[in-house]
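In what follows, a single structure is set out as structure tokens and then discussed.
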Amino acid sequence: MTLLLDTAAEGQPGTHVLAIGVGSYPHLLGGDKKLAKDPIGLGQLDSPPVSLKAFLDWMLAPPGNAAGFSNHAAPLASVEAVCSSKAAVTVDTPALGQVPLEAATRDNIQVAFEAWLDRMRSHPDNVGVFYFCGHGVMVADQHLLAEDFGRTAQPWTHAFNISLTIRAVEREVSGAVFFFIDSCRNVPRGLALTLGADPQALIGADLKKNVSCQHVTAIYATGEGQLAFAPTGGKVSRFTSALLCAMSGYCGIKNPGEQTWNVDGDNVASAIRTLLQHNEPSKDKQVSDQSIQGPLIPLLRIGVPPKVMVRLDLAPKERRSLYELYLAKGANRVAQTRVDQVFKVDLPRGVYEVGALDPQGALPLVRHEDEDLVPPMYMLTLKSQP
Amino acid sequence: MSRGRGNICGPISDRARGIESRACCRETVMPIVFVHGVNNRDGEAYRENEKSRDAFLKEIVAPALGMTPNKLQVLNPYWGQYGVQFAWGMRVLPNPSAEFEAFGKDAEAEARGRVAGLLADSHASGNIVDLAHQDFRAAVDLLYASAMAGAETEEEARDLAKSYALAIAYAEANPQPAWLADAIPDNFADRLNHAARASAVESFGAGGILDSLKEGISRLINAAPDATTELAGRLLRKKLNATITRFAGDAFVYLSNRGTVDNPGLIVSTVLDDLRKAAAISKAEGEPLVVIAHSFGGEIVYDILTYFDPGISVDCLITVGSQVGLFEEMKLYKVSSPTLPPNPPEGRVVRPASLKRWLNVFDTNDVLSYQLEPVVAGVSDFHYDTGYSSLGAHGGYFMRPSFYKRMAKRLAQD
Numbered sequence: 002m003t004l005l006l007d008t009a010a011e012g013q014p015g016t017h018v019l020a021i022g023v024g025s026y027p028h029l030l031g032g033d034k035k036l037a038k039d040p041i042g043l044g045q046l047d048s049p050p051v052s053l054k055a056f057l058d059w060m061l062a063p064p065g066n067a068a069g070f071s072n073h074a075a076p077l078a079s080v081e082a083v084c085s086s087k088a089a090v091t092v093d094t095p096a097l098g099q100v101p102l103e104a105a106t107r108d109n110i111q112v113a114f115e116a117w118l119d120r121m122r123s124h125p126d127n128v129g130v131f132y133f134c135g136h137g138v139m140v141a142d143q144h145l146l147a148e149d150f151g152r153t154a155q156p157w158t159h160a161f162n163i164s165l166t167i168r169a170v171e172r173e174v175s176g177a178v179f180f181f182i183d184s185c186r187n188v189p190r191g192l193a194l195t196l197g198a199d200p201q202a203l204i205g206a207d208l209k210k211n212v213s214c215q216h217v218t219a220i221y222a223t224g225e226g227q228l229a230f231a232p233t234g235g236k237v238s239r240f241t242s243a244l245l246c247a248m249s250g251y252c253g254i255k256n257p258g259e260q261t262w263n264v265d266g267d268n269v270a271s272a273i274r275t276l277l278q279h280n281e282p283s284k285d286k287q288v289s290d291q292s293i294q295g296p297l298i299p300l301l302r303i304g305v306p307p308k309v310m311v312r313l314d315l316a317p318k319e320r321r322s323l324y325e326l327y328l329a330k331g332a333n334r335v336a337q338t339r340v341d342q343v344f345k346v347d348l349p350r351g352v353y354e355v356g357a358l359d360p361q362g363a364l365p366l367v368r369h370e371d372e373d374l375v376p377p378m379y380m381l382t383l384k385s386q387p
Numbered sequence: 006m007s008r009g010r011g012n013i014c015g016p017i018s019d020r021a022r023g024i025e026s027r028a029c030c031r032e033t034v035m036p037i038v039f040v041h042g043v044n045n046r047d048g049e050a051y052r053e054n055e056k057s058r059d060a061f062l063k064e065i066v067a068p069a070l071g072m073t074p075n076k077l078q079v080l081n082p083y084w085g086q087y088g089v090q091f092a093w094g095m096r097v098l099p100n101p102s103a104e105f106e107a108f109g110k111d112a113e114a115e116a117r118g119r120v121a122g123l124l125a126d127s128h129a130s131g132n133i134v135d136l137a138h139q140d141f142r143a144a145v146d147l148l149y150a151s152a153m154a155g156a157e158t159e160e161e162a163r164d165l166a167k168s169y170a171l172a173i174a175y176a177e178a179n180p181q182p183a184w185l186a187d188a189i190p191d192n193f194a195d196r197l198n199h200a201a202r203a204s205a206v207e208s209f210g211a212g213g214i215l216d217s218l219k220e221g222i223s224r225l226i227n228a229a230p231d232a233t234t235e236l237a238g239r240l241l242r243k244k245l246n247a248t249i250t251r252f253a254g255d256a257f258v259y260l261s262n263r264g265t266v267d268n269p270g271l272i273v274s275t276v277l278d279d280l281r282k283a284a285a286i287s288k289a290e291g292e293p294l295v296v297i298a299h300s301f302g303g304e305i306v307y308d309i310l311t312y313f314d315p316g317i318s319v320d321c322l323i324t325v326g327s328q329v330g331l332f333e334e335m336k337l338y339k340v341s342s343p344t345l346p347p348n349p350p351e352g353r354v355v356r357p358a359s360l361k362r363w364l365n366v367f368d369t370n371d372v373l374s375y376q377l378e379p380v381v382a383g384v385s386d387f388h389y390d391t392g393y394s395s396l397g398a399h400g401g402y403f404m405r406p407s408f409y410k411r412m413a414k415r416l417a418q419d
């Protein structure tokens, strides 16, 4: 396990992060060790180490950065990570400089998880973040695969049951926990038809205990039975991109009476759904599955209002270069004049007048008053008729 | 001279020239009519055959013709209900017991039964890795045929057909890939799928195609003992008896009930309706009309194009495992004339005027398929080895994915 940050203050709540990325699977297709008897079609992944590093860089970004962790009620207290990749992954930390990450084997994940859970138990108002990026499968429960999956004839001893782990964590801590699971959730026939293929949870769920956790958000990259995707060539995955984008100022609700905007399970989940829907115009659709329980407890508390990603277009396209596309709120007005492309701009949330006008006055005015721009995105194609 | 994709009408026609000049994937609708042969009765097996055939036509043949797969409209006139009825349920057969049902009643059991038949007919072993060491392409073909036998939806069938196109291209480029050396049946599909896959995205899991392929392998493994046992022998004898009996029965029923131009019989009407629908689509869309006729379906189409409606313009007729030539030799068509040609065996009867191109596919192992060139002028005979023996070959063409690939190639060429 690799502790990248440990600044917990005794008696104070904090946010504790555990992040796992698995791109290298030596016993799966394309790996350099003995191939698993049944690799269930899984091979090496380029994206998880890159996605994990993007996630960690975001978490560890210096205060004051436009994008990065911010929560004055539960400041960042610890960050722990493990990662398996073809090339070593190092993370730039505030206190320790460049730190290489240990491999995400099943044992290392177990040790890191138990340490994270101990830290989470240290204060009743702690906030926990559990992030995983790598191969996953499911039948009744969701299972995540460690680096050494397939090393032995019982491959599932090198995976873990995240569904039961979440149920257990709910009984072990009392603050809020956010699970971000960036993996596939398809149901391999081999797993479904194999008795004894039951990965263990990282901790047993003691059903004698009541659920003690005040709030749990679990956001999965994709729906049951579906795949999660990343662009090829070692790029950040679709889900992690959407998560980081949502947390970087594209969601949040104002805390009454304060100049603080809360990013909680509800609004980050909603933003991720929207971003996944609009940012990936591919045939491989990815629809996030989400579960939010208990009163909302912010993951982030941000000092600036959230932004809205505006995408304003005009149809028919041949008229686009003849118009000025604009958005106006009171005296504030932004416009794109006679440019043959979609007008892309970030604006604070609010009610705007949105329209298109012909500077020459020949073409009809298109105007929509009282358009509600809500994070993370506002998309509209204005129609110039006739 | 390169004729390019979409040149399905032989000597290049204006219509074909039009196709050549268009963009890679056309958005117009192109009709294909598939006319089945004898011995087809509506049921699980018939519907699954139709699903897999449609999928291969859309995913393998359509792209070769420059078509968007979804724009290929396959019409499947089903006339089996008007075929022969056996009042005693073929009790006259020497071995009337329904051995095929020994495999079970559910869909998977039926699929496994079909794969057992496929193995028994082709004498292939159920060990896909052994077969791959001998002939990797044949192993890929058999694997996809076995997987397709269990396809439950059109989507699954089409995904399999798309995946087959990638896998067979890989097998052609890599006749003995290095990974085959230590492959085992448990991971053969994983490794083939991994090696052949081409994707613009990385997925954090495996897709459903792999499960379909693994089911195909599982069927091969589990069907192999059935295919080599006494049960398979009895099954084959039963099939042989029943097939020949129903073939003769359907043919007799057709010949006695086909009717006239003014009052066509039910079998003719069923096929004629879809041919006319397809001809209308072809005309409206400016796309060619392709008709595929299997076995006795060839005789029905020939009768229609020469007698019942010679006005239907067909750009290409593909008869597969058919007996059109034999029936002309016996002078059994409505327009057959005992004096034409005047100088047999030298002369030929003319190809129907409304038919621009005619390909006839036969397998020398198929005892019910015949050549056509010796009897009809302006046709091209092609041999296709289904890999099956005796009667298995007759129904084997459309189970083999490679058949569609060859068909696509022929359609796209002269």
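Chains A and B, in that order, are what the protein sequence lines are.
Quick note: the first sequence uses the working numbering, first residue 2, plus one each step.
Quick note: the second sequence uses the working numbering, first residue 6, plus one each step.
Each residue gets a CB set at the ideal place from its N, CA and C atoms; glycine is no exception.
The segment 215-232 of chain A contacting the segment 178-190 of chain A, beta-carbon criterion three pairs below 8 Å: Yes: at least three Cβ pairs fall under 8 Å.
Boundaries of the alpha helix (DSSP H) in which A:T91 is found, first to last residue: Judged by DSSP secondary structure, A:T91 falls outside any alpha helix (DSSP H) and instead within the beta strand (DSSP E) spanning 91-94.
Where A:Q337 falls, given that 16 or more other Cβ within 10 Å makes a residue buried: Buried, since its Cβ has 16 or more Cβ neighbours within 10 Å.
Distance, B:F408 Cα to B:K473 Cα: Any answer about residue 473 of chain B is impossible in this case: the structure gives chain B only from 6 up to 419.
A:H17 classed as buried or exposed, judged by whether at least 16 other C-beta atoms fall within 10 angstroms: A:H17 should be labelled buried.
B:S407 - DSSP class collapsed to helix/strand/coil: In the three-state scheme derived from DSSP, where H, G and I count as helix and E and B as strand, B:S407 is classed as helix.
Residues near A:P189 in its chain [Cβ-Cβ closer than 6 Å; skip 5 each side]: Excluding positions up to five away in sequence, the list reads I41, V138.
At least 3 beta-carbon pairs within less than 8 Å: the segment 280-292 of chain B vs the segment 328-346 of chain B: They do not touch, by the three-pair rule.
A:A329 - DSSP class collapsed to helix/strand/coil: Residue state for A:A329 is assigned as strand, using DSSP reduced to three classes.
DSSP three-state assignment for A:I220, whether helix, strand or coil: Three-state result, A:I220: strand.
Residue nearest to B:Y389 in terms of C-alpha spacing, selected from B:L271, B:E378, B:K410, B:L322: The residue among B:L271, B:E378, B:K410, B:L322 with its C-alpha nearest the C-alpha of B:Y389 is B:K410.
Cα-Cα separation between B:V276 and B:T324, rounded to whole angstroms: A direct Cα-Cα distance of roughly 15 Å separates B:V276 from B:T324.
Residue interval of the beta strand (DSSP E) (run including B:I297): Taken as a continuous stretch (DSSP letters only), the beta strand (DSSP E) holding B:I297 covers 295-299.
Contact set between the segment 188-209 of chain B and chain A, restricted to residues whose Cβ is under 7 Å from the partner: Within the segment 188-209 of chain B, D191, N192, D195, R196, N198, H199, A205, V206, E207, S208, F209 place their CB atoms closer than 7 Å to a CB of chain A, listed in sequence order.
Minimum C-alpha distance to B:P182 - residue among B:N348, B:Y307, B:H138: The option with the nearest alpha carbon to B:P182 is B:H138.
CB contact check: B:K219 to chain A, cutoff 8 Å: Residue-level contact check: B:K219 touches chain A, since one or more beta carbons of chain A fall below 8 Å from its beta carbon.
Through-space distance from A:S271 to A:I293, alpha-carbon basis: Whole-angstrom Cα-Cα distance: 11 Å.
Alpha carbon of A:A74 to alpha carbon of A:R107, nearest angstrom: Taking C-alpha positions only, A:A74 is separated from A:R107 by approximately 33 Å.
Length-filtered (3 minimum) beta strand (DSSP E) runs lying within the segment 78-146 of chain A: Whole beta strand (DSSP E) segments, 3+ residues: 91-94, 98-101, 128-134, 137-139, 143-146.
Bounding residues of the beta strand (DSSP E) (the contiguous stretch that carries B:V355): No beta strand (DSSP E) contains B:V355, which DSSP labels as neither H nor E.
Member of B:L225, B:K339, B:G210, B:A256 whose CA lies at the smallest distance from the CA of B:G302: Looking at the Cα atoms, B:A256 is the closest of the given residues.
Beta bridge counterpart(s) of A:Y353 as assigned by DSSP: When DSSP reads this structure, A:Y353 sits in a beta bridge with A:E372.
C-beta neighbour in chain B for A:C185, strict 8 Å: Chain B, which has a Cβ nearer than 8 Å to the Cβ of A:C185, makes this yes.
Counted within 10 angstroms of its Cβ, other Cβ atoms place A:K209 as buried (16 or more) or exposed: Exposed, because fewer than 16 other Cβ atoms sit within 10 Å of the Cβ of A:K209.
B:P269 vs B:F313 beta-carbon contact at 8 Å: Yes.
Cβ pair A:A169, A:A202 closer than 8 Å: Their beta carbons are under 8 Å apart, which means A:A169 touches A:A202 by this criterion.
Through-space distance from A:C252 to A:L313, alpha-carbon basis: Using only the alpha carbons, I get a separation of about 20 Å.
Cβ of A:V138 within 8 Å of any chain B Cβ: For A:V138, the nearest beta carbon of chain B is closer than 8 Å to its own beta carbon.
Cβ-based contacts, 8 Å cut-off: residues of the segment 20-33 of chain A near chain B: Hits within the stretch, in order: L30, G31.
Identity of the residues DSSP links to B:H501 by a beta bridge: In the structure as shown, chain B begins at 6 and stops at 419. Residue 501 of chain B is therefore absent and cannot be evaluated.
Under 8 Å between C-beta atoms of A:T3 and A:A89: Pairing A:T3 with A:A89 gives a Cβ-Cβ distance that is not under 8 Å.
A:G250 vs A:P317 beta-carbon contact at 8 Å: No, Cβ-Cβ distance for A:G250 and A:P317 is not below 8 Å.
Nearest neighbour of A:S289, chosen from A:I298, A:Q278, A:P299, A:L297 [CA to CA]: Ranking the options by Cα distance to A:S289, first place goes to A:Q278.
Amino acids of chain B, ordered along the chain, whose beta-carbon sits closer than 8 Å to that of A:D149: Chain B residues near A:D149: none, gap ~17 Å exceeds 8 Å.
Which listed residue (B:S374, B:V79, B:A172) has its alpha carbon closest to that of B:L215: Ranked by Cα distance from B:L215, the options B:S374, B:V79, B:A172 are led by B:A172.
Under the three-state DSSP convention, the category A:H17 falls into: The answer is strand: DSSP assigns A:H17 an E or B state.
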